[in-house]
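Protein chains in written order, with our numbering: chain A, 505 to 764; chain B, 10 to 402.
We put the beta carbon where it would ideally sit given N, CA and C, even for glycine.
Quantities reported herein were computed from a predicted structural model and do not represent experimental measurements.
Down below is the structure, laid out as structure tokens.
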């Protein structure tokens, strides 16, 4: 594959790249939160047109994870989040976008530190500034900078790199104990339903791509009565739950110094 | 002292390289319920502290050495509670009281018997200075001013500490080694503005962590090194753990990372060790605290700037009561929450190690408990005092 940088080309042979690396980020979108503030951003992410079109999802949910919230008159009753790239609707949440960004970023790069004068690894922003295709990554997202920064660092260390097979974005953590019931007790983890494993997990790695959260009937309250320990607020928007969901890509890498 | 910071940040945040001022005192203050005059009271305190920094002791009318301490003012979650005259939008979203009695974090729990709100007040004063006298005098002068002028404030509690001059912590390892390089610290610290009144300020987390030194010292050196992720003597990061039967042998990176291709200088390698691929090493404290190895400007890196001070509360028959005043500054408290909440970071264990361990590996120890703690918004420098605009002054 001629356009692949040497680090990714060397990783095409799985035997060259076996060590696991996990690159993770929160599912709640960083860019819209930085621009509008957390509360307003969370409202925008759930925005619907009068005929139910998910405009907020399309415009703002851009961390390779998208959600929808089912509501009744009192507020949210059900939260569903997916990382299945084939199901994501935002134009930057695609498999092709992820691959293009990786191919652009996995090249060696060292910078001189302004204070010490010593060489150092670049930040995500600094990597993005050097990409051949400036549109392949966004500096103000949560996902892109951390992915490209890690790829550049691994390439600089001279390691073969590949995405773990099957390539996907997976749900690796849900901090369910940060959601509190009306009695101020942590929400039972059983109320979460993780599903859609990409393949049987023979290596023990979680590969869930779908998350559903609903308070069981008979509990006497709904999702809207849960409180987030992060903000002290009742659940109004999906972003308050998405910020507790961590998603990741799995990389496999080889030893340092292998790729010249 | 106050030159060691970004231009807008308050004094007491030491971003430039070098040693911390040796003495630390953290004072927690509450407003008297129902009394107005909050802005006036803070203005009076801040004015007096400014005079003291210039060397003027108000009551005695004498002069002392100027510049012996720095004072930093923070606003706690309680300050923003309904009924305090502030709009709901004024409260930073992640500025909340620490949960009590459960929590407050996934694997960092309150010590038994700790009263609610220990370490949390309407406002805090972080005092750092050249010696215990300098910071103690600033605290006592504050108390005297409140009493003499009947200001509607109470100094509810104080916590002291000191910077060690050997770069090590109570557990005998190098500490603060993996802190952010100076040129990038401001990226980790400075609040971009949500809410707008704190743009250019920061957020402070204060966690007074008791360390079970008796339990720690019962562990053999190789287990301690595996839990920390560094060689105890040299401070070099571990590269791998070798095994022989049920014994483990931690191996540090060589002083010069030969064969690693184009990598930064040795000092950089020491400060910011690479991932190793060894799951035992990756479960150590230094790796769990910085899983993504990202620069501070990278949102998902969850980087925070740490500025801790040790403490010793005395020694009794059960051993020393000691620990660390963990103080961190971050642009959003969300980042500390993520570090202490995510299972693969420090949410999964109290200090380091892994639960699904192999023979010879240490069980993740319950080493640290919380004796006090609170989150505070630290607005940028302002006149007549930081955050005055928030109070309509």
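If we cut at 8 Å on Cβ distances, does residue i have a partner in chain B?
| i | result |
| --- | --- |
| residue 529 of chain A | yes |
| residue 650 of chain A | yes |
| residue 657 of chain A | yes |
| residue 629 of chain A | yes |
| residue 646 of chain A | yes |
| residue 681 of chain A | yes |
| residue 541 of chain A | yes |
| residue 557 of chain A | no |
| residue 750 of chain A | yes |
| residue 669 of chain A | no |
| residue 517 of chain A | no |
| residue 486 of chain A | Nothing can be reported for residue 486 of chain A: it is not among the residues displayed for chain A, which extend from 505 to 764. |
| residue 550 of chain A | no |
I'd like to know if residue i contacts chain A, where contact means its C-beta is closer than 8 Å to some C-beta of that chain.
| i | result |
| --- | --- |
| residue 188 of chain B | no |
| residue 211 of chain B | no |
| residue 271 of chain B | Because the pLDDT of residue 271 of chain B is 41, which lies under 50, any placement of that residue in the model is unreliable, and the number read from its coordinates should be weighed accordingly. It does: the Cβ of residue 271 of chain B has a partner Cβ on chain A nearer than 8 Å. |
| residue 344 of chain B | no |
| residue 251 of chain B | no |
| residue 283 of chain B | yes |
| residue 165 of chain B | no |
| residue 191 of chain B | yes |
| residue 203 of chain B | yes |
| residue 115 of chain B | yes |
| residue 353 of chain B | yes |
Can you give me the C-alpha to C-alpha distance between residue i and residue j, rounded to a whole angstrom?
| i | j | result |
| --- | --- | --- |
| residue 63 of chain B | residue 35 of chain B | 21 Å |
| residue 548 of chain A | residue 85 of chain B | 28 Å |
| residue 269 of chain B | residue 662 of chain A | Note that residue 269 of chain B scores 45 on pLDDT, short of 50, meaning its location in the model is unreliable; the coordinates nonetheless yield the value given after this. Rounded to whole angstroms, residue 269 of chain B to residue 662 of chain A spans 7 Å at the Cα level. |
| residue 233 of chain B | residue 337 of chain B | 24 Å |
| residue 12 of chain B | residue 720 of chain A | The predicted model places residue 12 of chain B with a pLDDT of 43, which falls under 50 and marks its position as unreliable, so this point remains unresolved. |
| residue 296 of chain B | residue 309 of chain B | 15 Å |
| residue 18 of chain B | residue 394 of chain B | 12 Å |
| residue 148 of chain B | residue 679 of chain A | 39 Å |
| residue 700 of chain A | residue 711 of chain A | 8 Å |
| residue 670 of chain A | residue 599 of chain A | 12 Å |
| residue 596 of chain A | residue 727 of chain A | 30 Å |
| residue 165 of chain B | residue 245 of chain B | 42 Å |
| residue 76 of chain B | residue 622 of chain A | 33 Å |
| residue 69 of chain B | residue 150 of chain B | 11 Å |
| residue 634 of chain A | residue 140 of chain B | 48 Å |
| residue 240 of chain B | residue 224 of chain B | 19 Å |
What does the Cβ neighbour count give for residue i, buried or exposed, with the cut at 16 atoms within 10 Å?
| i | result |
| --- | --- |
| residue 28 of chain B | exposed |
| residue 647 of chain A | buried |
| residue 133 of chain B | buried |
| residue 764 of chain A | exposed |
| residue 349 of chain B | buried |
| residue 259 of chain B | buried |
| residue 612 of chain A | buried |
| residue 372 of chain B | exposed |
| residue 398 of chain B | exposed |
| residue 725 of chain A | exposed |
| residue 388 of chain B | buried |
| residue 733 of chain A | buried |
| residue 193 of chain B | buried |
| residue 668 of chain A | buried |
| residue 760 of chain A | buried |
| residue 747 of chain A | buried |
Could you check what DSSP says for residue i in three-state terms: helix, strand or coil?
| i | result |
| --- | --- |
| residue 397 of chain B | helix |
| residue 52 of chain B | helix |
| residue 268 of chain B | Unreliable positioning characterises residue 268 of chain B in this predicted model, as indicated by a pLDDT of 41, which lies under 50. A coordinate reading is not provided. |
| residue 23 of chain B | coil |
| residue 750 of chain A | strand |
| residue 657 of chain A | helix |
| residue 647 of chain A | helix |
| residue 115 of chain B | coil |
| residue 295 of chain B | helix |
So which residues of chain C does residue i contact, with C-beta pairs closer than 7 Å?
| i | result |
| --- | --- |
| residue 735 of chain A | No chain C is present in this structure, whose protein chains are A and B. |
Within the same chain, show all residues whose beta-carbon is closer than 8 Å to that of residue i, passing over the 5 residues directly before and after it, in chain order.
| i | result |
| --- | --- |
| residue 325 of chain B | none |
| residue 525 of chain A | 654, 658, 754, 755, 756, 757 |
| residue 735 of chain A | 542, 744 |
| residue 177 of chain B | 183, 184 |
Give every residue of the same chain whose Cβ lies closer than 6 Å to the Cβ of residue i, excluding the five residues on either side of it in the sequence, and list them in chain order.
| i | result |
| --- | --- |
| residue 517 of chain A | none |
| residue 306 of chain B | 196 |
| residue 271 of chain B | Confidence at residue 271 of chain B is low in this model, with a pLDDT of 41, below 50, so its placement is unreliable and no value can be given for it. |
Only counting the same chain, and skipping five residues up and downstream in sequence, which positions put a Cβ closer than 7 Å to that of residue i?
| i | result |
| --- | --- |
| residue 527 of chain A | 650, 651, 654, 752, 753, 755 |
| residue 565 of chain A | 533, 549, 571, 594 |
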